[in-house]
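Numbering (the working numbering), first residue to last: 529 to 766. Cβ atoms here follow ideal geometry from the backbone N, Cα and C, with glycine treated the same way.
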Amino acid sequence: MAAMEESPIITAFRKYSEDLSKKHDKHERIVKISRDITIESKRLIFTIHSLSTDKKADTEIEKIRDRFKKLMESHFRKIAIELENEDPYLYHRAYTWGVQEYIEALTYFNYVTTGELVGWEKVAENCSFDFRSKVDSDTMEDEIKQIRLLIPLSDYILGIQDMTGEMMRLCITSLGKGNIQKAQAACNFVKYVYAALHILQSCHNEFYKKLEVAEQSLRKMEYGCYLATIQGLEMKSQ
Numbered sequence: 529m530a531a532m533e534e535s536p537i538i539t540a541f542r543k544y545s546e547d548l549s550k551k552h553d554k555h556e557r558i559v560k561i562s563r564d565i566t567i568e569s570k571r572l573i574f575t576i577h578s579l580s581t582d583k584k585a586d587t588e589i590e591k592i593r594d595r596f597k598k599l600m601e602s603h604f605r606k607i608a609i610e611l612e613n614e615d616p617y618l619y620h621r622a623y624t625w626g627v628q629e630y631i632e633a634l635t636y637f638n639y640v641t642t643g644e645l646v647g648w649e650k651v652a653e654n655c656s657f658d659f660r661s662k663v664d665s666d667t668m669e670d671e672i673k674q675i676r677l678l679i680p681l682s683d684y685i686l687g688i689q690d691m692t693g694e695m696m697r698l699c700i701t702s703l704g705k706g707n708i709q710k711a712q713a714a715c716n717f718v719k720y721v722y723a724a725l726h727i728l729q730s731c732h733n734e735f736y737k738k739l740e741v742a743e744q745s746l747r748k749m750e751y752g753c754y755l756a757t758i759q760g761l762e763m764k765s766q
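What follows is the structure, given as structure tokens:
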């Protein structure tokens, strides 16, 4: 029995078991962080939809910006630290949903505040963090280095596809308030995004599912703007 315990094969398999356990634990930690990102991103989207149009709006916008920064510096940083010296693609599925929800919130917020679409390069650039690591265990000297969290282009694309749903809500809400110009601007923006998405080729099944949903959202926006325009013309002619 003792000989078997000391067998190189058993020793190797014990090492494999320990490595798998560590990877599983890391995966679960990242999943938990990703869920927290998803929850906060949904809250941010709700807050953005609730933005007022009076003088308080600037203060509210700054508070939202601070929440985005805190989310990046806390949760995204934690994932980046977890993946230091790891192959990020091994753990990508653990945090992709949180990233997509974050991009949905961020791109929608950027449209509301600037009328533009924030690019993938900008999002990826913001996912670089300064990290303090120990160099010498004897002297306890630290080194500050930069770590970067992988944000695949596919996550960005899936995120902006989800964002079109928020744009539809903005459009319909604007029509309900009689702001046809704002609704038409949102509709034209989604047309631009959808046209760009439509020419892409992807082997990602989720891409085509979300593209179909984006098309449905665009049709609802176009129909709503069409009806509002016709009703406006009829009222003027009376």
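Problem set entry | Per-residue burial, Ser569 [other beta carbons within 10 Å of its own, 16 or more giving buried] | In the sequence shown, counting from the first residue as 1, residue 569 sits at position 41. So Ser569 ends up on the buried side.
Exercise. Mind pulling the beta strand (DSSP E) runs of 3 or more residues that sit fully within the region 613–691?
Worked result: 656–664 and 669–676
Problem set entry | Distance, Glu614 Cα to Leu677 Cα | Residue numbering aside, residue 677 sits at position 149 when the sequence shown is read from its first letter. Residue numbering aside, residue 614 sits at position 86 when the sequence shown is read from its first letter. Distance between the alpha carbons of Leu677 and Glu614 is about 11 Å.
Exercise. So does His620 have its beta carbon nearer than 8 Å to some heavy atom of the ligand NAD?
Worked result: Among the components modelled here there is no ligand, and therefore nothing to report on the ligand NAD.
Exercise. At which residues does the alpha helix (DSSP H) containing Phe604 begin and terminate?
Worked result: Within the sequence shown, the letter at position 76 stands for residue 604. Segment: none, Phe604 is in no alpha helix (DSSP H) and carries neither H nor E.
For this session: Rank Ser578, Gly752 and Ile609 by C-alpha distance to the C-alpha of Ile700 and give the top, closest one.
Result: Within the sequence shown, numbered from 1, the residue matching residue 700 stands at position 172. Minimum Cα distance to Ile700 is reached at Gly752.
For this session: Let me know if Ile631 comes out buried or exposed under the rule of 16 or more other beta-carbons within 10 Å of its beta-carbon.
Result: On the sequence shown, residue 631 is found 103 positions in, with the first residue counted as 1. With 16 or more other Cβ atoms within 10 Å, it is buried.
Problem set entry | Enclosing alpha helix (DSSP H) for His577 [first to last residue] | Residue numbering aside, residue 577 sits at position 49 when the sequence shown is read from its first letter. Note, His577: alpha helix (DSSP H), Pro536 to His577.
Exercise. Going by alpha carbons, who is nearest to Glu629 out of Asp564, Lys551, Met749 and Asp658?
Worked result: Counted from its first residue, the sequence shown places residue 629 at position 101. Among Asp564, Lys551, Met749 and Asp658, the Cα nearest to that of Glu629 is on Asp564.
Exercise. Once you ignore the five residues that flank Lys554 on each side, which residues in its own chain have a CB closer than 8 Å to its CB?
Worked result: Translated into positions along the sequence shown, residue 554 becomes position 26. Only Glu610, Glu614 and Tyr619 meet the Cβ criterion.
Problem set entry | Ala531 to Leu548 span [Cα, whole Å] | Residue mapping note: residue 531 aligns to position 3 of the sequence shown, counting from 1. Residue mapping note: residue 548 aligns to position 20 of the sequence shown, counting from 1. Residue confidence for Ala531 is low, a pLDDT of 48 falling below 50, so the modelled location carries little weight; the figure read from the coordinates is stated next. Their Cα atoms are separated by approximately 25 Å.
For this session: In angstroms with no decimal places, state the Cα-to-Cα distance between Cys715 and Glu743.
Result: To locate residue 715, count along the sequence shown from 1; it is residue 187. To locate residue 743, count along the sequence shown from 1; it is residue 215. Going from the Cα of Cys715 to the Cα of Glu743 covers about 11 Å.
For this session: Flag this pair as touching only if the region 687–700 and the region 713–727 have three or more C-beta atom pairs under 8 Å; answer yes or no.
Result: yes
Problem set entry | Where Ser730 sits in the DSSP three-state scheme | In the sequence shown, residue 730 corresponds to position 202, counting from 1. Looking at Ser730 - three-state DSSP - the assignment turns out to be coil, as it is neither helix nor strand.
Exercise. Would you report the Cα separation of Gln759 and Ala711, rounded to the nearest angstrom?
Worked result: Walking along the sequence shown from the start, residue 759 turns up at place 231. Walking along the sequence shown from the start, residue 711 turns up at place 183. Cα-Cα distance, rounded: 15 Å.
Problem set entry | Identity of the residue in Gly643, Thr624, Leu698 and Ser656 nearest Leu681 by Cα | Along the sequence shown, one-based indexing puts residue 681 at 153. It is Thr624 whose Cα lies nearest to the Cα of Leu681.
Exercise. For Ile672, does the count of other Cβ atoms within 10 angstroms reach 16, so buried, or fall short, so exposed?
Worked result: Residue mapping note: residue 672 aligns to position 144 of the sequence shown, counting from 1. Exposed: under 16 other Cβ atoms inside 10 Å.
For this session: Report yes if the C-beta distance between Ile607 and Val651 is below 9 Å; otherwise report no.
Result: Mapped onto the sequence shown, residue 607 falls at position 79. Mapped onto the sequence shown, residue 651 falls at position 123. Contact: no.
Problem set entry | Cβ shell of Tyr684 (< 7 Å), same chain only, five flanking positions each side left out | Translated into positions along the sequence shown, residue 684 becomes position 156. Here the set comprises Ile631, Trp648 and Val651.
Exercise. Roughly how many whole angstroms lie between the Cα atoms of Cys655 and Gln674?
Worked result: Counted from its first residue, the sequence shown places residue 655 at position 127. Counted from its first residue, the sequence shown places residue 674 at position 146. Computed Cα separation, rounded: 10 Å.
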